[in-house]
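Numbering (my numbering), first residue to last: 16 to 158.
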């Protein structure tokens with residue numbers, strides 16, 4: 016079991032483009048309990064990215080984006096939970112093992128979670144992905 020400050024939640028939106036690129040919006044946050052019934056997510060970093068992957072494959076972009084997430088996670092993070100409504104997250108075992116190899120050197124465990132209505136809960140994810148399309152580049156920024 017991990018303490019709350021050792022866990023990072025990475026909420027992601029993926030949008031494949033005709034150009035073969037994938038636009039991605041990511042919000043990294045920590046979670047704290049308000050009371051027995053409520054939690055609060057506190058964002059600390061966002062990624063608004065445009066990634067070149069073979070044939071605009073979301074599955075391949077997950078691994079590339081995960082590397083950026085692992086690199087930008089707060090010091091002291093021991094578990095990263097990457098959540099998305101993408102169908103690639105429904106078939107997560109092979110992705111988790113690939114990403115786990117990237118994170119193992121940093122002493123971080125990675126879990127993937129499929130959340131069907133994540134865009135409704137975190138609407139900024141789509142805005143971040145759309146900003147990457149307009150800008151034409153990737154930006155990683157502290158909040």
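Positions of the beta carbon are idealized from the N, C-alpha and C atoms, including for glycine.
What's the C-alpha gap between residue i and residue j?
{"i": "residue 42", "j": "residue 135", "result": "14 Å"}
{"i": "residue 73", "j": "residue 144", "result": "13 Å"}
{"i": "residue 109", "j": "residue 19", "result": "27 Å"}
{"i": "residue 157", "j": "residue 23", "result": "14 Å"}
{"i": "residue 67", "j": "residue 50", "result": "43 Å"}
{"i": "residue 31", "j": "residue 123", "result": "28 Å"}
{"i": "residue 125", "j": "residue 114", "result": "7 Å"}
{"i": "residue 86", "j": "residue 38", "result": "19 Å"}
{"i": "residue 121", "j": "residue 133", "result": "28 Å"}
Taking its Cβ as the centre, do 16 or more other Cβ atoms sit within 10 Å of residue i, making it buried, or is it exposed?
{"i": "residue 104", "result": "buried"}
{"i": "residue 40", "result": "buried"}
{"i": "residue 17", "result": "exposed"}
{"i": "residue 35", "result": "exposed"}
{"i": "residue 83", "result": "buried"}
{"i": "residue 80", "result": "buried"}
{"i": "residue 159", "result": "The requested residue 159 is not part of the displayed model; the chain covers only 16 to 158."}
Residue range of the beta strand (DSSP E) that residue i falls in?
{"i": "residue 156", "result": "154-157"}
{"i": "residue 69", "result": "Per DSSP, residue 69 belongs to no beta strand (DSSP E) and is neither H nor E."}
Are the beta-carbon atoms belonging to residue i and residue j less than 7 Å from one another?
{"i": "residue 21", "j": "residue 107", "result": "no"}
{"i": "residue 117", "j": "residue 26", "result": "no"}
{"i": "residue 48", "j": "residue 56", "result": "no"}
{"i": "residue 137", "j": "residue 63", "result": "no"}
First and last residue of the alpha helix (DSSP H) that includes residue i?
{"i": "residue 133", "result": "133-136"}
{"i": "residue 143", "result": "139-150"}
{"i": "residue 73", "result": "73-87"}
Counting Cβ pairs, one atom from each stretch, are 3 or more of them under 8 Å apart for the stretch 123-130 and the stretch 90-103?
yes
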